[in-house]
Amino acid sequence: MRGAVSFVGAGPGAADLITLRGAARIAEADLVLYTPSAVDPLWLREHTKPDADLVDHARLAADELAELYRRLASRHHRAVRLVAGDPAHCPDLREQRELCARLGLDTEVVAGVSPVSAAAAATGNALVETAGADTVVVTEADFERVREVAADSRTLVVHAPAARAAELVEALLGAGLDPEVPVVVAHKVSWVDETLLRTTIGELVADVKGANLWRNAVFLVGDALRQAKPRAGYAPREAETGKRWTSRSWRSNGSWSRRSFPEPAPTFGDPTLGDPTVADAVEPESAEPGTAAPEHAEFVSVEPVVAQPEPTPVEQAGAPAVESVPEVPVAAEPKPVVKRATATKKQPARPTRTGARRTTKK
1 MRGAVSFVGA GPGAADLITL RGAARIAEAD LVLYTPSAVD PLWLREHTKP
51 DADLVDHARL AADELAELYR RLASRHHRAV RLVAGDPAHC PDLREQRELC
101 ARLGLDTEVV AGVSPVSAAA AATGNALVET AGADTVVVTE ADFERVREVA
151 ADSRTLVVHA PAARAAELVE ALLGAGLDPE VPVVVAHKVS WVDETLLRTT
201 IGELVADVKG ANLWRNAVFL VGDALRQAKP RAGYAPREAE TGKRWTSRSW
251 RSNGSWSRRS FPEPAPTFGD PTLGDPTVAD AVEPESAEPG TAAPEHAEFV
301 SVEPVVAQPE PTPVEQAGAP AVESVPEVPV AAEPKPVVKR ATATKKQPAR
351 PTRTGARRTT KK
């Protein structure tokens with residue numbers, strides 16, 4: 001078995017954004033090359049083998065890294081090199097794979113979640129939209145290149161230190177972009193202390209200084225980053241009670257379902273007017289979902305309760321006045337429904353046959 005090196009995308013920083021395949025390669029590796037800015041070392045120690053070596057490759061020179069690869073090849077060990085974000089954005093990936101091939105090491109590339117995708121997801125926006133954005137350009141802090149591509153790009157992504165925000169603004173305005181074009185600045189996205197700043201090109205420098213940002217950040221520039229606005233005349237609906245039929249818009253066949261809500265206590269008439277009469281429509285049990293109530297819907301009428309006159313108290317000489325208590329009207333008990341049974345004619349019993357059978361001869 002030959003030694004092997006897996007270049008694994010560490011994602012934007014959060015450990016739970018590492019892919020399942022990447023986590024499996026980390027768990028079986030004998031050596032893990034990482035940088036603290038890409039992944040939490042404590043999480044690495046918990047998810048690697050007890051005897052695995054963890055090395056910060058940012059402190060290694062090129063010849064020291066090559067020596068590590070030679071030892072892996074001689075011992076037939078497996079190693080993982082964690083790459084911040086996605087290995088597709090790693091500038092020295094080809095150089096590292098060629099070095100491993102010369103030393104007799106197998107190589108593998110495991111994709112990861114890029115900080116650009118994580119930043120767009122954090123804002124709830126897509127970088128590409130059919131209505132307005134059709135191009136995404138990812139570039140490093142080469143502001144001359146930014147000036148060239150900004151005019152032809154609907155959405156621009158720039159990896160640069162936040163301290164150079166003024167140079168970025170100069171390049172964007174020099175390309176003819178409007179100062180009101182939206183900009184999102186993402187720093188340490190998906191980490192606990194991430195910073196997500198929404199601004200415009202004209203206010204970018206002031207807002208970055210106000211947020212005290214100066215380290216590496218991701219700048220998303222373009223009209224696709226505008227926040228969605230509610231349509232004209234839109235007003236939030238209040239909570240409903242009772243039962244109603246609702247259409248399930250997420251189903252293509254337009255099926256209907258019944259949604260139940262807590263029903264309020266029944267009231268008879270207007271309590272302020274004392275009107276006890278009410279007609280309550282009863283929904284027939286045979287109603288099909290999605291259909292309106294038929295015209296012959298059954299109505300149940302509630303008879304009004306007639307108030308009884310209050311009794312006159314009887315005054316006796318020398319007796320204390322007795323407070324009169326009005327009688328509470330008792331609703332009449334419903335009469336039992338008597339079902340008339342239809343008499344059936346009694347059929348004569350049929351004789352049973354015995355074992356012997358009588359025959360007659362003519």
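To convert, note that position 135 of the sequence shown is 135 in the UniProt record's numbering; the numbers rise steadily by one, no gaps. From the three backbone atoms N, C-alpha and C, an ideal C-beta is built for every residue, glycine too.
>> Less than 8 angstroms between C-beta atoms, sequence neighbours within five positions excluded: which residues of the same chain meet that for residue 57?
In response: 33, 34, 35, 65, 81
> For residue 6, which residues from the same chain have a beta carbon less than 7 angstroms from its beta carbon, with the 5 sequence-adjacent residues on both sides left out?
Replying inline: 25, 80, 108, 110
> Taking the runs of the beta strand (DSSP E) that are 3 residues or longer, which of them lie wholly in the segment 131 to 165?
Replying inline: 136 to 139, 155 to 161
> By DSSP, does residue 1 sit in helix, in strand, or in coil?
Replying inline: coil
> For residue 144, which residues of its own chain have a beta-carbon under 8 angstroms away from its beta-carbon, when the five flanking residues on both sides are left out?
Replying inline: 171
> Between which two residues does the alpha helix (DSSP H) carrying residue 46 extend?
Replying inline: 41 to 46
> Are the beta-carbon atoms belonging to residue 69 and residue 93 less than 9 angstroms from one another?
Replying inline: no
> Sorted by chain position, which residues of the same chain lie with C-beta nearer than 6 angstroms to residue 39's C-beta, five sequence neighbours on each side aside?
Replying inline: 10, 82
> Going straight from the alpha carbon of residue 88 to that of residue 98, what length do you get?
Replying inline: 16 angstroms
>> Can you confirm whether the segment 44 to 60 touches the segment 112 to 126 when touching is taken to mean that 3 or more C-beta pairs between the two stretches lie within less than 8 angstroms?
In response: no
>> Please report the straight-line C-alpha distance between residue 72 and residue 191, rounded to a whole angstrom.
In response: 32 angstroms
>> Between which two residues does the alpha helix (DSSP H) holding residue 64 run?
In response: 62 to 75
>> According to DSSP, simplified to helix, strand and coil, what is residue 19?
In response: coil
> Between residue 392 and the rest of its own chain, which residues show a CB-CB distance below 8 angstroms, the 5 nearest in sequence each way excluded?
Replying inline: Because the chain is modelled from 1 through 362, residue 392 falls outside the range shown and cannot be assessed.
>> Distance check for residue 116 and residue 188, CA to CA, integer angstroms please.
In response: 11 angstroms
> Given that a residue counts as buried once 16 or more other Cβ atoms are within 10 Å of its Cβ, and exposed if not, what is residue 85?
Replying inline: buried
> By DSSP, does residue 117 sit in helix, in strand, or in coil?
Replying inline: helix
> Do residue 44 and residue 77 have their C-beta atoms closer together than 9 angstroms?
Replying inline: no
> Roughly how many whole angstroms lie between the Cα atoms of residue 142 and residue 149?
Replying inline: 11 angstroms
> Should residue 61 be labelled buried (16 or more other beta-carbon atoms within 10 Å of its own) or exposed?
Replying inline: exposed
> Which residues does DSSP pair with residue 106 in a beta bridge?
Replying inline: 4
>> On the DSSP letters alone, give me the boundaries of the alpha helix (DSSP H) that residue 56 sits inside.
In response: Careful: residue 56 lies outside any alpha helix (DSSP H), inside the beta strand (DSSP E) at 53 to 56.
> Are residue 185 and residue 166 touching if we call contact CB-CB under 9 angstroms?
Replying inline: no
> Quick one: what's got a C-beta closer than 6 angstroms to residue 231's C-beta in the same chain, skipping five residues either side?
Replying inline: For residue 231, the predicted structure reports a pLDDT of 46, less than 50, and the residue's modelled location is therefore unreliable. A value from the coordinates is still provided. Result list for residue 231: empty, nothing under 6 angstroms.
> Rounded to whole angstroms, how far is the Cβ of residue 199 from the Cβ of residue 183, which I believe are closer than 8 angstroms?
Replying inline: 5 angstroms
>> Which residue wins for smallest C-alpha separation from residue 28, given the options 14, 8, 37?
In response: 8
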